[in-house]
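>
Residue numbers (the numbering used here): 1 to 480.
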């Protein structure tokens, strides 16, 4: 029997390949080229991300696949890839002076960051459980190291260890879930899985999907799998915390949505009810826990948990409107959350950061522009108009109402009202209290690249709120 080598089409993999190649180039340059300061490697990383964004955008509308349909570059996956790459680009800009002030290694940091980007984009493109797992591991391993990258900081080392241990458990659950699904259906391709189980109820399949849900729940921060998030977000370097909170969430939710909307028919079991309950519990626990936080990074960590609950509402809707609302929400959440973490970095002095609420007191008198940036980001996260967060929540809750989940939308709105309290807390501290002791009253100027990155994401936060039609049309076209 003649053996035919199948055609290999690498074009749909470009969003994952280009960051991976750039990471390898950075590692080689860091090892082989002389010089103690490798700050210029950030320019290589930014160039690689820009090239990746360009080729990713050229795939929009082409709807290509590769490796027996295991990789699918459709408009939705391309949209998620662009969100991840944009988040990484801003993160590099936020990281340059952060690393410099703390004498951290540029080459290792940037290579790991780009490796994580490669895993995230692979996860977004995946149409097969094995490929999703590969992407999950490729994004997780660099993030374990990046969480502990500030080696002289005990909290950072603790964050990396906790993330690694709990991440290993979640990966084991996910892999066991894949094994059970394969045992029940004989395939790991999402479309073939649906064909195998459509119209039937298989307990082995349901058990496998349950284990996959545990793995996804860990990555996106659903209750009760969220326990690692506050400690890891608090201890990790602030640019990495911001990156994990947006890019990991976008990639994991892309795979999460694809698995349940493609591979799991409602005839197998009523997963919409389970997701609705998870959404309610997640947003409620996240918001209530955030109320009592005295550390800004821990507060934003619980905020990230609550926002995972809001995004999950779009999966409950289970239609094109919900999917487009989720894509809009992820894009808006990326810019406003990076604006918040970028402003936290900008409010610091040297290698010190204002992390507690008491340290934020009077910050507007010392760094008025950075305080204003943090205020805008927090108001957007709270859902105040005319910022991006308001429009994002309007789309998600509107999709829920249109699908008949009025009660879920009402609970979401009530949770948003609860969140207003803790989002306004830092703003009151910065603008209505005297400056905290131990901080220079006339601090040094903010580094230009850091200021530029923060201003860009703040302007996007305002722009997506005032002029949402372009992003909304892109999100709607991405799910057709």
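Using N, Cα and C, we set each Cβ at its ideal position, and we do this for glycine too.
(1) Given residue 336, which residues of its chain have a CB within under 6 Å of its CB, disregarding the five upstream and five downstream residues?
(2) Please report the residue range of the beta strand (DSSP E) in which residue 85 lies.
(3) Count the CB pairs spanning the stretch 169–179 and the stretch 195–214 that are closer than 8 Å, and state whether there are at least three.
(4) Based on the DSSP output, what are the partners of residue 72 in its beta bridges?
(5) So, at 7 Å on beta carbons, what are the nonlocal neighbours of residue 100 in its own chain, with the 5 sequence-adjacent residues on each side left out?
(6) Please confirm whether residue 454 and residue 371 have their CB atoms less than 8 Å apart.
(7) Let me know if residue 150 comes out buried or exposed under the rule of 16 or more other beta-carbons within 10 Å of its beta-carbon.
(8) Tell me which residue opens and which closes the alpha helix (DSSP H) that residue 287 is part of.
(9) Helix, strand or coil for residue 356 per DSSP?
(10) For residue 128, list the residues DSSP reports as bridge partners.
(11) Does the count of Cβ pairs from the stretch 90–100 and the stretch 7–17 closer than 8 Å reach three?
(12) Take the Cβ of residue 24 as the centre, count every other Cβ of all protein chains shown within 10 Å, and call the residue buried at 16 or more, exposed below.
(13) Going by C-alpha distance, which of 233, 448, 292, 260 is nearest residue 213?
(14) Can you find the residues in the same chain that come closer than 6 Å, C-beta to C-beta, to residue 447, ignoring five residues on each side of it along the sequence?
(15) Going by DSSP, which residues form a beta bridge with residue 295?
(16) Cα-Cα, which of 22, 43, 83 is closest to residue 327?
(17) Nearest-angstrom Cα distance between residue 28 and residue 105?
(18) Please state whether DSSP places residue 9 in a helix, a strand or coil.
(19) Looking at the secondary structure, which residues open and close the alpha helix (DSSP H) in which residue 198 lies?
(20) Let me know if residue 467 comes out buried or exposed under the rule of 16 or more other beta-carbons within 10 Å of its beta-carbon.
(21) If residue 251 and residue 427 are in contact, beta carbons under 8 Å, what's the gap, nearest whole angstrom?
(22) Please list the terminal residues of the continuous alpha helix (DSSP H) segment that includes residue 39.
(23) Secondary structure at residue 405, three-state DSSP: helix, strand or coil?
(24) Tell me whether residue 362 is buried or exposed, calling it buried when 16 or more other Cβ atoms sit within 10 Å of its Cβ.
(25) From what residue to what residue does the alpha helix (DSSP H) around residue 238 run?
(26) Examine the Cβ distances between the stretch 137–157 and the stretch 271–283 and report whether three or more of them are shorter than 8 Å.
(27) Please report the Cβ distance between residue 236 and residue 118, rounded to the nearest whole angstrom; I am assuming they are in contact, meaning their Cβ atoms lie under 8 Å.
(28) So residue 52 and residue 26 are in contact, right, with Cβ under 8 Å, and what is the actual spacing, rounded?
(29) Return the CA-CA distance between residue 338 and residue 246, expressed in angstroms with no decimal places.
From the atom records:
(1) 377, 380, 381, 388, 389, 461
(2) In the DSSP assignment, residue 85 falls outside any beta strand (DSSP E) and within the unbroken alpha helix (DSSP H) covering 75–102.
(3) yes
(4) Beta bridge pairing from DSSP links residue 72 with 65.
(5) 39
(6) No.
(7) buried
(8) 271–290
(9) strand
(10) 189
(11) no
(12) When all chains shown are included, residue 24 counts as exposed.
(13) 260
(14) Residues 97 of the same chain have their beta carbon placed closer than 6 Å to that of residue 447, with the five preceding and five following residues left out of the count.
(15) 356
(16) 83
(17) 14 Å
(18) coil
(19) Where residue 198 is concerned, there is no enclosing alpha helix (DSSP H), given that its DSSP letter is neither H nor E.
(20) exposed
(21) In fact, because the Cβ distance is near 31 Å, the residues do not count as touching under 8 Å.
(22) Counting along the chain, residue 39 falls outside any alpha helix (DSSP H), and DSSP gives it neither H nor E.
(23) coil
(24) buried
(25) 238–243
(26) Segment contact: the stretch 137–157 against the stretch 271–283, fewer than three CB-CB distances shorter than 8 Å; contact not assigned.
(27) No, residue 236 and residue 118 are not in contact; Cβ-Cβ is about 20 Å, not under 8 Å.
(28) Residue 52 to residue 26, Cβ: 14 Å. No contact.
(29) 8 Å
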